[in-house]
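The listed protein sequences derive, respectively, from chains U and F.
Add 18 to the 1-based position in the first sequence for my numbering, that's all there is to it.
Add 18 to the 1-based position in the second sequence for my numbering, that's all there is to it.
Protein chains: 2
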Amino acid sequence: MKEKRDTLNRRTFMGGTLGAAAGIGAAHWLTGPAEAAAAQQGPPGTSASTGPGLYRLEADVRHCEVRGAIPSDLNGAFYRVGPDPQFPLVDGNIPFDGEGHVSMFRIKDGRVDYKSRFVRNDRWLAQDAAGRILFPMYRNPSMDDPSVAGLSRSTANTHIINYKNMLLALKEDSPPSAMDLLTLETLVPNYTFDDLLPSRTFTAHPKLDSETGNMVAFGYEATGHGSDVVSMFEFTPDGERVWDATITVPYVGMLHDFAVTRRYIIFYVIPMAFDAEQMANGGIHWSWDSTQPTYFGFVRRDGDGSDVRWIEGPTRSATHVMGAFSDDDRIYVDVEMSMSNPFPFMPMRDGAAWNPVAGASHITRLSVDLGPSTPQSYSIEQMYPHQGALPRQDDRYNTAPYRYGFLACPDPYAESRREARACYARFDHQTRQDTLYRSEEATSLAECCFAPRSADAPEGSGYLMGLATRNDQNRRSDLVILDAEHLDEGPVATVMLPMRAPGQVHGWWVPESQMPG
Amino acid sequence: MKEKRDTLNRRTFMGGTLGAAAGIGAAHWLTGPAEAAAAQQGPPGTSASTGPGLYRLEADVRHCEVRGAIPSDLNGAFYRVGPDPQFPLVDGNIPFDGEGHVSMFRIKDGRVDYKSRFVRNDRWLAQDAAGRILFPMYRNPSMDDPSVAGLSRSTANTHIINYKNMLLALKEDSPPSAMDLLTLETLVPNYTFDDLLPSRTFTAHPKLDSETGNMVAFGYEATGHGSDVVSMFEFTPDGERVWDATITVPYVGMLHDFAVTRRYIIFYVIPMAFDAEQMANGGIHWSWDSTQPTYFGFVRRDGDGSDVRWIEGPTRSATHVMGAFSDDDRIYVDVEMSMSNPFPFMPMRDGAAWNPVAGASHITRLSVDLGPSTPQSYSIEQMYPHQGALPRQDDRYNTAPYRYGFLACPDPYAESRREARACYARFDHQTRQDTLYRSEEATSLAECCFAPRSADAPEGSGYLMGLATRNDQNRRSDLVILDAEHLDEGPVATVMLPMRAPGQVHGWWVPESQMPG
Numbered sequence: 019m020k021e022k023r024d025t026l027n028r029r030t031f032m033g034g035t036l037g038a039a040a041g042i043g044a045a046h047w048l049t050g051p052a053e054a055a056a057a058q059q060g061p062p063g064t065s066a067s068t069g070p071g072l073y074r075l076e077a078d079v080r081h082c083e084v085r086g087a088i089p090s091d092l093n094g095a096f097y098r099v100g101p102d103p104q105f106p107l108v109d110g111n112i113p114f115d116g117e118g119h120v121s122m123f124r125i126k127d128g129r130v131d132y133k134s135r136f137v138r139n140d141r142w143l144a145q146d147a148a149g150r151i152l153f154p155m156y157r158n159p160s161m162d163d164p165s166v167a168g169l170s171r172s173t174a175n176t177h178i179i180n181y182k183n184m185l186l187a188l189k190e191d192s193p194p195s196a197m198d199l200l201t202l203e204t205l206v207p208n209y210t211f212d213d214l215l216p217s218r219t220f221t222a223h224p225k226l227d228s229e230t231g232n233m234v235a236f237g238y239e240a241t242g243h244g245s246d247v248v249s250m251f252e253f254t255p256d257g258e259r260v261w262d263a264t265i266t267v268p269y270v271g272m273l274h275d276f277a278v279t280r281r282y283i284i285f286y287v288i289p290m291a292f293d294a295e296q297m298a299n300g301g302i303h304w305s306w307d308s309t310q311p312t313y314f315g316f317v318r319r320d321g322d323g324s325d326v327r328w329i330e331g332p333t334r335s336a337t338h339v340m341g342a343f344s345d346d347d348r349i350y351v352d353v354e355m356s357m358s359n360p361f362p363f364m365p366m367r368d369g370a371a372w373n374p375v376a377g378a379s380h381i382t383r384l385s386v387d388l389g390p391s392t393p394q395s396y397s398i399e400q401m402y403p404h405q406g407a408l409p410r411q412d413d414r415y416n417t418a419p420y421r422y423g424f425l426a427c428p429d430p431y432a433e434s435r436r437e438a439r440a441c442y443a444r445f446d447h448q449t450r451q452d453t454l455y456r457s458e459e460a461t462s463l464a465e466c467c468f469a470p471r472s473a474d475a476p477e478g479s480g481y482l483m484g485l486a487t488r489n490d491q492n493r494r495s496d497l498v499i500l501d502a503e504h505l506d507e508g509p510v511a512t513v514m515l516p517m518r519a520p521g522q523v524h525g526w527w528v529p530e531s532q533m534p535g
Numbered sequence: 019m020k021e022k023r024d025t026l027n028r029r030t031f032m033g034g035t036l037g038a039a040a041g042i043g044a045a046h047w048l049t050g051p052a053e054a055a056a057a058q059q060g061p062p063g064t065s066a067s068t069g070p071g072l073y074r075l076e077a078d079v080r081h082c083e084v085r086g087a088i089p090s091d092l093n094g095a096f097y098r099v100g101p102d103p104q105f106p107l108v109d110g111n112i113p114f115d116g117e118g119h120v121s122m123f124r125i126k127d128g129r130v131d132y133k134s135r136f137v138r139n140d141r142w143l144a145q146d147a148a149g150r151i152l153f154p155m156y157r158n159p160s161m162d163d164p165s166v167a168g169l170s171r172s173t174a175n176t177h178i179i180n181y182k183n184m185l186l187a188l189k190e191d192s193p194p195s196a197m198d199l200l201t202l203e204t205l206v207p208n209y210t211f212d213d214l215l216p217s218r219t220f221t222a223h224p225k226l227d228s229e230t231g232n233m234v235a236f237g238y239e240a241t242g243h244g245s246d247v248v249s250m251f252e253f254t255p256d257g258e259r260v261w262d263a264t265i266t267v268p269y270v271g272m273l274h275d276f277a278v279t280r281r282y283i284i285f286y287v288i289p290m291a292f293d294a295e296q297m298a299n300g301g302i303h304w305s306w307d308s309t310q311p312t313y314f315g316f317v318r319r320d321g322d323g324s325d326v327r328w329i330e331g332p333t334r335s336a337t338h339v340m341g342a343f344s345d346d347d348r349i350y351v352d353v354e355m356s357m358s359n360p361f362p363f364m365p366m367r368d369g370a371a372w373n374p375v376a377g378a379s380h381i382t383r384l385s386v387d388l389g390p391s392t393p394q395s396y397s398i399e400q401m402y403p404h405q406g407a408l409p410r411q412d413d414r415y416n417t418a419p420y421r422y423g424f425l426a427c428p429d430p431y432a433e434s435r436r437e438a439r440a441c442y443a444r445f446d447h448q449t450r451q452d453t454l455y456r457s458e459e460a461t462s463l464a465e466c467c468f469a470p471r472s473a474d475a476p477e478g479s480g481y482l483m484g485l486a487t488r489n490d491q492n493r494r495s496d497l498v499i500l501d502a503e504h505l506d507e508g509p510v511a512t513v514m515l516p517m518r519a520p521g522q523v524h525g526w527w528v529p530e531s532q533m534p535g
């Protein structure tokens, strides 16, 4: 294999910077070996030599202790999911390949209960029974144990949304796994929308139409590993599929997220590219191919896909969308963008060392002039100095013009990276101003999530919440809840756990009105 | 209330020395304020100012990581139970009043799974529903919330044994709570042996007859709080009650444990005495009455109780029995004995300060000459220098002459208490020699438990196990498993948990042959 890895190893990434992932990893990555070593500590209070190398703690804590008070208009549940390796990852595999562990803060009438469970899907059940890894390499089925042929490979570890009174745990290479919203019991290990899913895969980032509430989603590598087919589809909240179409991509790159506006679906193909040779040699699915351009693609939501336009651009990475909108003249898509490979564990196809500066992400507005029938270029504008890879918005504005964005990031105004506390930032795109919540010392912050004050509250009026990891308390976890319009005032409530919660990629808020009775 | 409390508070005791309790607390108690402050740290990695004050983490960890290897002849389950307050204890209450939290290391074919659950008995369910404490004071029902009148007050937090294919969680002021051996689901919140229990209470320390396997047990304050009636009874493994009788005690003191020999049942009444006045003033059940003598009482196992003899002795405390036996001439009972009140949080009736030196326990042989028809005194012989309050034996020898005892204790040979590591000691009463397992630095050890190598293995041939708390890893827990005949060789296996396990008073081994199929 021609891949070369950064000296930061798997545990560094998981420990400090899932992290990176959560937009706050840069604080660890970029400040040098001392911080990397600190971040390298394993599970709570342990080092590899004295404690376990895995975490995997499924937990229940009832009547959680709260500092401050849960707002009376905050009722529902905050869900999180991330990879939590069921067994030690094999050499050469990457932290994205841990099994999905879902946690829930159930918030109601001022009370909070905490619960976490693994997604007990095909993969988890098979490995649990075998007592060992059966799917040893990230999205490389040729390496699977023969006993699991035909089973879904989903780790269900990336994102979590509610749909049809269920919780869907998502991994972009497979269909979702459906769980019970209250018990976190896995109900349907491999959920294919009552056989209406027109793809073998399902994105981790579906969008909710701001007008209809329909779910617009897609699957890439839709017909199998390495396939250039992207399947797009739209389901009503009741499960009716009201539209689907397919397109093909210029080359097969990671399509982790997408954007949806009132009229368009937008994809951004980056050179985290399918690597058949690497897979044939037993490696993972992707490598970073710095020789490839990006492609900004857009296609009408009501067509058959044949109208898709691909606009070539410079080599960049962008994996997450903050928000997007379009008018008659232009399409605007706000992403987190880096100059190169943002993941230290992802192989560089050219053998170069991973570059932490080029891998750092900033909120960036991409836009396209719809005037020309065949646009020749797209615009790239960095909007803010903040570094972070997990932008969020008020999700009621997924497909509509929006004003406010949120981001976990190191303090951009700190005198040095070393001193930069983890922050949640609120951006007002109208004024281009930010407001910051600066966390306490020795704290890491996971991706944040917005909960509106009510179904019809103005945009951005509500609460911003996210998991704080106390690195000086063996990575004990608190959920911090902030008034989204007054981040600088600090938490209105802090929900205290007695232990570390499992790692997180993405989180999701379900309001009380959508919880089971 | 006339009680005066030691300056060591509730958390100190729970944190460092449940503990004291586990025989290793003395190491913390006796070395001065610095250690007390260190022990005072709350839940994992927290201080009262930054983290939760409670723990309560119900957990599952499958396929636990093991350093070393689980012996092939060690199959079954190790259960532990201890108080884990469901809500903050009210002022004046004591750590013994936390709700019972049971944990299990299920060991089979080299694999270990960990699980912990609260005992969901009447008390827990009522308080969980109310979201607050309803039984605010240790064994003082006059303080209870009116809503719980008539419910069992059991915390089920002291000991745990298997009986009739169930796990019984025991608290000496109430009947047991019965749980499922595998799921830890509470099956019968208030288990009265199919209405055959002839007492309103049931000891935390029943004995298994070494010849018949019958369970010999008792209840004190058998007819109600403050009652001087002790009910004694014997059940077959199938649940048939084959004997019962009652006696009365000279005064109502804590009868935490008892001894059973082939012919006799032995009680030891200590001046941790029922305090009606204190209770009337809203306080706990007990205070230490240094004006009272002890009474060594023995009664035939096959009689009606009328033959009981009480022998007065000096003021002492002894709460746990290591082993006991009798022949035609004498009764021998090996206890852990202290000169005075062993619990820093238990009120002193005379207002004296609690004395940590007089409260330290040593393994001590009590014996009585059966020659005289009315023995006038009992003998007291300290057997070893080791300090510890939770002695154990090979439980196949509960009622038979025995040779080996085990104890968690600080290293008795350390140059200073400060440097004394936590140890497990094996005593050979025949040679009066000890063998020590000295734990790693910054480690506390809970009570140990012996598992025989096989049902018919020689006495003491098997494994000694117990929970190690890593105080330098935010009190993360490991289960250490030692060859009981070679403690000095260190663990044959260490089962590593990613977090702290709940506190423990006592533990119990159930061999595979007694586990559900």
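The beta-carbon is built from N, C-alpha and C at its ideal position, and this holds for glycine as well.
Bear in mind that the values here come from a model prediction, so they are computed numbers and not experimental data.
The beta carbon of U/Phe292 lies closer than 6 Å to those of Gly244, Val270 in the same chain, with the five residues before and after it left out. Under a criterion of Cβ atoms nearer than 8 Å, the residues of chain F adjacent to U/Val79 are, in order, Arg74, Leu75, Glu76. Runs of alpha helix (DSSP H) with 4 or more residues, each lying fully within the segment 115-194 of chain F, are found at 140-148, listed in chain order.
For the pair of segments examined, the segment 270-288 of chain F was found to touch the segment 313-326 of chain F: the number of CB pairs separated by less than 8 Å reaches three.
Excluding sequence positions up to five before and after U/Val386, its CB lies within less than 6 Å of the CB of Ile349, Pro393, Tyr396, all in the same chain and listed in chain order. At a cut-off of 7 Å between beta-carbon atoms, U/Gly521 makes no contact with chain F. The three-state reading of DSSP puts U/Met272 in coil, since its state is none of H, G, I, E or B. Taking every protein chain shown into account, the CB of U/Ala148 has fewer than 16 other CB atoms within 10 angstroms, so this residue is exposed.
For U/Glu295, the enclosing alpha helix (DSSP H) stretches over residues 294-298.
Pairing F/Ala486 with F/Ser457 gives a Cβ-Cβ distance under 7 Å. Looking at the DSSP output, F/Gln451 bridges to F/Asp446. By the Cβ-count criterion, F/Asp352 is buried, with 16 or more other Cβ atoms from all chains shown falling within 10 Å of its own Cβ. In the structure shown, the three-state DSSP call for F/Gln532 is helix. Using a Cβ distance threshold of 7 Å, U/Asp501 and U/Val510 count as a contacting pair.
Interface residue (Cβ-Cβ distance to chain U less than 7 Å): F/Pro70 is classified as such.
Considering only U/Ser160, U/Gly118, U/Leu200, the residue with the shortest C-alpha distance to U/Pro207 is U/Gly118. Relative to the Cα of U/Glu477, the nearest Cα in the group U/Ala464, U/Ser495, U/Phe424 belongs to U/Phe424. Taking a C-beta cut-off of 8 Å against chain U, the contacting residues of the segment 140-151 of chain F are Asp146, Gly149, listed in chain order.
Within chain F, no C-beta atom comes less than 8 Å from the C-beta of U/Pro207; the nearest is roughly 17 Å away. Against U/Arg129, the close residues of chain F are Gly149, in the order they occur along the chain (beta-carbon pairs closer than 7 Å). C-alpha of F/Asn175 to C-alpha of F/Tyr481: approximately 25 Å in a straight line.
Cβ contact annotation for F/Thr204 (same chain, cutoff 7 Å, sequence separation greater than five): Val137, Arg138, Asn139, Ser195, Met197, in chain order. The criterion of a C-beta distance shorter than 7 Å is not satisfied by U/Gly168 and U/Pro529.
Near chain F, meaning a CB-to-CB distance below 8 Å, no residue of the segment 215-240 of chain U qualifies.
Straight across, the Cα-Cα distance linking U/Asn489 with F/Thr173 is about 35 Å. At least 7 Å separates the CB of F/Pro365 from every CB of chain U. Distances from the CA of U/Lys182 to each of U/Tyr431, U/Asn158, U/Glu258 were compared; the closest alpha carbon is that of U/Glu258.
Shown here for U/Leu186: same chain residues with a beta carbon closer than 6 Å to its own, the five before and five after excluded, namely Ile179, Pro194, Ala196 in chain order. DSSP places U/Glu399 within a strand segment (E or B) once states are collapsed to three.
For F/Glu354, there are no neighbours in chain U by C-beta distance under 7 Å, as the nearest C-beta there is about 31 Å away.
Counting the other Cβ atoms within 10 Å of the Cβ of U/Glu459 gives fewer than 16, which makes it exposed.
With contacts defined as CB atoms closer than 7 Å, U/Arg439 and U/Asp429 qualify as a contacting pair. Contacts with chain F (Cβ-Cβ distance below 7 Å) from the segment 443-477 of chain U involve no residue at all.
Apart from sequence neighbours up to five positions away, the residues of its chain that approach F/Asp307 with a beta-carbon distance below 7 Å are Pro289, Ala291, Arg367, ordered along the chain.
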